[in-house]
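Numbering (our numbering), first residue to last: 2 to 277.
Encoded structure:
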């Protein structure tokens with residue numbers, strides 16, 4: 002995450018554990034930092050009145066947090082039946098294997114190395130558990146294995162690190178690629194236009210109530226940063242470190258290492274398109 006500007010959509014105050022939509026409850030992991038904002042949002046999803054739940058992104062390997070997720074589901078009368086991952090970064094997936102032990106569940110992910118069980122996740126997949134339906138949306142860019150989950154009954158999308166509740170995300174070079182990320186943002190914009198998605202349930206930060214506004218903001222932000230990087234190169238700034246110091250001068254220096262990852266991805270994109 003590189004910038005801390007507010008996003009469109011009237012974020013719902015602070016990030017708190019609790020209900021976000023009719024089918025989604027957030028349990029906030031205790032791993033707040035400059036990179037993880039308030040901490041990782043672990044999502045418990047279930048159909049109202051059902052006995053089974055799906056957990057998306059158990060979070061870091063923190064025994065207290067993982068047990069809290071289990072307890073939250075059980076207090077609501079739910080048994081965790083399946084674990085899903087938006088991507089493999091440790092703040093989202095580090096606790097997945099231990100969580101699978103606690104809940105006796107499979108772990109499904111795009112990356113085979115993260116799976117526990119025979120089933121993965123891919124484009125067009127529909128995850129159905131006790132009346133709940135999630136549609137898998139491949140969203141590479143932040144990482145190659147990034148996924149989002151469309152929750153049509155709540156007109157919501159769980160975005161992992163692809164869209165945050167506050168600020169913008171890192172295109173994590175070399176695994177993340179800017180061209181893929183821009184395509185992903187356009188794919189998410191189509192969800193808001195064609196499928197009526199209006200709520201973003203992010204991997205970090207507060208819920209957003211204007212999904213289309215958030216996507217448009219991200220697209221505009223990426224175009225602006227890319228133009229800044231292109232201009233910086235034309236002005237003689239050659240190394241990623243020099244470009245970060247020039248373009249991200251107004252950003253907290255603790256975020257510069259993350260900003261450098263995005264700059265490297267931007268430079269790759271500009272070279273691939275013959276712009277530098």
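Even for Gly, the Cβ is constructed at its ideal location relative to N, Cα and C.
| Asked | Found |
| --- | --- |
| Residue closest to residue 270, alpha-carbon to alpha-carbon, out of 179, 193, 253, 197 | 179 |
| Buried versus exposed, by CB contacts within 10 Å (16 or more), residue 31 | exposed |
| CA nearest to the CA of residue 223, picked from 258, 127, 181 | 181 |
| C-beta contact flag for residue 203 and residue 237 at 8 Å | no |
| Residue from 19, 93, 49 whose Cα sits closest to the Cα of residue 33 | 93 |
| Opening and closing residue of the alpha helix (DSSP H) in which residue 177 lies | Counting along the chain, residue 177 falls outside any alpha helix (DSSP H), and DSSP gives it neither H nor E. |
| Assigned secondary structure, residue 203 (DSSP; H/G/I helix, E/B strand, else coil) | strand |
| Exposed unless 16 or more other CB atoms sit within 10 angstroms - verdict on residue 139 | buried |
| Residue interval of the alpha helix (DSSP H) (run including residue 139) | First-last for residue 139: 133 to 139, but that is the beta strand (DSSP E), not the alpha helix (DSSP H). |
| Cβ-based neighbour list, residue 98, same chain, cut-off 7 Å, excluding 5 preceding and 5 following | 117 |
| Distance between beta carbons of residue 44 and residue 25, contact taken as under 8 Å | 6 Å |
| DSSP state of residue 80 mapped onto helix, strand, coil | strand |
| Expected contact under 8 Å - CB spacing of residue 86 and residue 133 to nearest Å | Going by Cβ atoms, the distance from residue 86 to residue 133 rounds to 17 Å, so no, they are not a contact pair. |
| Burial state of residue 255 (16 or more Cβ within 10 Å) | exposed |
| Three-state secondary structure (DSSP) of residue 74 | helix |
| Within the segment 38 to 66, ranges of the beta strand (DSSP E) (whole runs, at least 3 residues) | 42 to 46, 53 to 57 |
| C-beta atoms of residue 128 and residue 216 nearer than 8 Å | no |
| Opening and closing residue of the alpha helix (DSSP H) in which residue 151 lies | Where residue 151 is concerned, there is no enclosing alpha helix (DSSP H), although the beta strand (DSSP E) it sits in stretches over 148 to 152. |
| Separation of residue 266 from residue 272, as counted between CA atoms | 10 Å |
| Whether residue 192 touches residue 130 by CB criterion (8 Å) | no |
| Given residue 213 as reference, the closest of 164, 239, 173, 168 once Cα atoms are compared | 164 |
| Whole-Å CB distance - residue 39 paired with residue 29, under 8 Å assumed | 6 Å |
| Residue 261 classed as buried or exposed, judged by whether at least 16 other C-beta atoms fall within 10 angstroms | buried |
| Test: residue 198 CB closer than 8 Å to a CB of chain B | Considering every chain present, this structure includes no chain B. It has just one protein chain. |
| N-terminal and C-terminal residue of the beta strand (DSSP E) that residue 25 is part of | 25 to 29 |
| Assumed close pair residue 88, residue 184 - CB separation to whole angstroms, cut-off 8 Å | So it is not a contact: roughly 16 Å between Cβ atoms. |
| Top-ranked residue by Cα proximity to residue 154, from 141, 19, 48, 142 | 48 |
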